[in-house]
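Residue numbers (my numbering), protein chains in the order written: chain A, 1 to 356; chain B, 357 to 709.
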């Protein structure tokens with residue numbers, strides 16, 4: 001009896017596979033973690049679901065989760081390529097060389113590598129201007145801090161993170177020249193224990209606002225416990241810390257994923273470098289917490305979002321000096337994308353050195 | 357009502373069942389695994405096909421199986437010396453890391469070298485690095501009678517922090533955009549692959565040779581005999597005049613050297629540089645491999661292939677069945693659970709009153 005059921009089931013499985021559309025485009029994702037319910041991978045998975053809903057039957061999607069950034073990544077990416085996927089998104093910076101390695105072997109498959117900078121004819125790169133969100137939270141932090149000390153938990157000393165610190169500090173010090181930021185380097189994107197420890201250390205040093213450039217909600221929960229304020233990262237973290245969470249900088253990948261998938265369906269995909277922010281909706285602010293923030297500050301923040309969108313405000317407006325006091329962006333100018341992409345220095349006013 | 361469970365040592369302990377129990381464990385895993393698939397609304401036969409056959413249905417897949425099994429086999433062979441001696445070295449992951457630091461360090465120090473001696477010296481230093489790291493718990497055990505499970509495990513984290521220090525600090529690639537990665541090793545420091553276009557490398561030969569040497573040591577040498585006697589009864593071993601402390605040192609050094617070798621093979625083989633995530637916990641998974649292989653040098657080769665297959669299968673299962681990667685770990689856990697269960701029931705009688 002059991003055998004009969006098994007046979008029928010296995011026939012069904014074979015049938016359902018062969019019933020799939022022949023002209024359907026297959027789109028695969030490589031995730032650094034499990035999708036879960038918050039953070040970096042969660043937002044990429046939300047983007048995948050958005051894309052599925054937008055394109056319907058013309059595509060089908062697959063993902064491989066928990067792919068380590070070591071020798072295993074090549075095999076996982078290659079499996080997607082070898083099993084007939086037409087477009088593959090590799091959603092972590094450290095898949096860069098592995099993506100290129102597989103892309104060389106499969107010239108007909110299109111690859112999209114998140115936050116990288118190496119491209120090929122069949123490899124695009126894409127990233128979001130997260131720093132625009134840092135300008136908003138910097139402004140809010142500058143106005144909300146009472147101790148004038150802000151704790152900032154960061155992952156790795158790479159341009160994206162340094163740029164975020166600078167954008168944050170420039171906006172905060174503009175409205176509050178006395179503001180100081182204390183930085184802790186965690187050398188990890190996701191380590192709830194370490195992130196909570198870092199938050200507690202910063203709070204003990206007098207920080208009354210916790211900012212994170214890491215992926216767990218441990219910092220804002222530590223802030224909530226200690227009765228101080230916090231900002232979230234990647235996805236809306238309000239549910240995890242409703243009494244400390246002012247807003248989060250959200251990564252919105254869906255429209256970009258849908259556009260690139262549509263390009264593959266239409267046969268118009270080409271290799272390019274995409275870097276989008278508020279204007280194109282790749283970065284969004286979570287709803288501002290009305291219990292914690294005064295209404296006029298929320299309005300200011302929203303006006304800043306609009307100003308950045310239509311180009312009347314830029315996160316890096318001159319004059320900007322580096323720590324040595326040299327003018328790096330002249331009065332009346334803004335930092336160009338080249339400088340932003342390779343930014344490895346702190347602006348004047350930030351204490352400490354960029355770890356080398 | 358109270359149930360009393362009584363356990364009694366069996367007099368009719370069976371050696372045959374001891375060697376058959378891995379097969380029993382695998383069979384039970386398949387049986388209970390099929391219920392997992394049924395609960396997930398999947399056909400067990402089709403699912404097992406995707407899990408265990410589809411990953412190795414082409415030459416690339418078979419090559420990847422060896423890539424994954426090689427470090428597991430080499431580490432587990434080393435661990436078998438410790439485990440046979442009833443020494444529980446849990447820190448192979450740390451010894452692997454130290455091997456990668458020592459051997460990889462040579463590759464980075466001589467990064468413009470084209471010498472044919474570069475790779476052999478990296479391999480040598482890799483083994484030395486692992487052995488060095490393993491002597492620390494050995495010294496603590498013999499001098500202070502410290503529990504080696506704790507010390508070797510904790511030293512794993514120390515080793516990972518040391519690797520962190522090097523890739524964040526002195527060995528960081530100046531052209532690496534600040535990321536904690538070293539520059540790539542020179543070509544002369546890369547492990548040759550066996551077949552062009554595939555990643556299977558000469559580490560496979562090392563695994564087979566180590567397995568053969570281990571077989572000879574276990575069955576044809578006095579050292580192997582001492583290990584066996586000590587493992588069965590440390591009192592008998594002392595009575596025979598074997599120096600237990602020396603045995604502890606030798607077994608730690610051998611297992612550390614093997615783990616270090618595996619670490620060096622991983623970085624100079626498929627990876628090609630140093631960074632923090634070099635090993636997906638090979639050092640810990642190898643403990644399962646060693647026991648599943650019954651601490652037998654040939655059994656370990658087979659069990660390393662089986663465990664490697666569960667990793668590859670978990671990837672294919674995500675791809676074709678759309679089930680989470682955790683299913684692979686569930687299978688590893690089931691195999692180990694049933695193995696320990698059959699071992700226990702083979703060794704003890706259980707009464708319920």
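Beta carbons are placed, not taken as given, at the ideal position from N, Cα and C, and that holds for glycine.
On a predicted model such as this, the values are computed, not experimentally measured, just so you know.
Counting other Cβ atoms within 10 Å of its Cβ, residue 440 of chain B reaches 16 or more and is therefore classed as buried. Taking 8 Å as the upper bound for CB-CB distance, residue 457 of chain B and residue 518 of chain B are in contact here, some 6 Å apart. As computed with DSSP, residue 327 of chain A is found in a beta bridge with A/321.
The residues 486, 489, 490, 612, 615, 616, in chain order, have a CB closer than 6 Å to that of residue 451 of chain B in the same chain once the five nearest residues on each side in sequence are set aside. Counting the other CB atoms within 10 Å of its CB gives residue 672 of chain B a total of 16 or more, which places it among the buried residues. Assignment of residue 184 of chain A by DSSP, reduced to helix, strand and coil, places it in the strand class. In the three-state scheme derived from DSSP, where H, G and I count as helix and E and B as strand, residue 245 of chain A is classed as strand. Neighbours of residue 636 of chain B in chain A, taken as residues whose beta carbon is under 9 Å from its own, are 68, 70, 71, 72 in chain order. Not one beta carbon of chain A lies nearer than 9 Å to the beta carbon of residue 689 of chain B. When Cβ-Cβ separations below 9 Å define contact, residue 102 of chain A makes no contact with chain B.
The shortest CA-to-CA distance from residue 71 of chain A to any of A/97, A/285, A/225 is the one to A/97. Along the region 34-55 of chain A, the positions whose C-beta sits under 8 Å from a C-beta of chain B are 34, read in chain order. The DSSP assignment places complete alpha helix (DSSP H) segments of no fewer than 4 residues inside the region 481-531 of chain B at 504-524, in order along the chain. Between residue 340 of chain A and chain B, the shortest Cβ-Cβ separation is not below 9 Å. By the rule that beta-carbons nearer than 9 Å mark a contact, residue 384 of chain B does not touch chain A. Using a CB distance below 8 Å, the part of the region 668-680 of chain B facing chain A consists of 668, 671, 672, 674, 675, 676, 678, 680, ordered along the chain. Taking a C-beta distance under 9 Å as the contact criterion, residue 100 of chain A and residue 265 of chain A do not qualify as a contact pair. Interface annotation, residue 182 of chain A: not in contact with chain B, CB-CB separation never under 9 Å.
Across the structure, residue 169 of chain A and residue 151 of chain A are spaced so that their CA atoms are roughly 12 Å apart. Fewer than three beta-carbon pairs drawn from the region 680-697 of chain B and the region 337-349 of chain A are found closer than 8 Å, and the two stretches are therefore not classed as touching. Within a 10 Å sphere around the beta-carbon of residue 273 of chain A sit fewer than 16 other beta-carbons, which makes this residue exposed. Fully contained in the region 16-66 of chain A are the following beta strand (DSSP E) runs of length 3 or more, in chain order: 25-30, 59-64. Its Cα nearest to that of residue 74 of chain A, the residue B/555 stands out among B/446, B/555, B/361. Burial of residue 478 of chain B is indicated by the presence of at least 16 other C-beta atoms within 10 angstroms of its C-beta. In the DSSP annotation of this structure, residue 272 of chain A is not part of any alpha helix (DSSP H), being labelled neither H nor E. For residue 144 of chain A, no CB of chain B lies under 9 Å from its own CB, so it is not counted at the interface with that chain. For residue 689 of chain B, there is no enclosing beta strand (DSSP E); the residue is found in the alpha helix (DSSP H) stretching over 682-703. In this structure, A/167 is the residue among A/167, A/122, A/178, A/252 with its C-alpha nearest to the C-alpha of residue 211 of chain A. From the beta-carbon of residue 524 of chain B, the residues of chain A found nearer than 9 Å are 156, 157, 185, 187, 355.
With contacts defined by Cβ atoms closer than 9 Å, residue 436 of chain B and residue 596 of chain B do not form a contacting pair. Here residue 324 of chain A is exposed. Its C-beta has fewer than 16 other C-beta atoms within 10 Å. The way I'd put it, the region 215-233 of chain A doesn't touch the region 122-129 of chain A; fewer than three beta-carbon pairs between them come closer than 8 Å. No Cβ of chain A is located within less than 9 Å of the beta carbon of residue 697 of chain B. A direct Cα-to-Cα measurement between residue 621 of chain B and residue 449 of chain B gives close to 14 Å. Fewer than three pairs of CB atoms, one per stretch, sit closer than 8 Å, so the region 388-401 of chain B makes no contact with the region 520-540 of chain B.
Between the alpha carbons of residue 281 of chain A and residue 493 of chain B lies a distance of about 55 Å.
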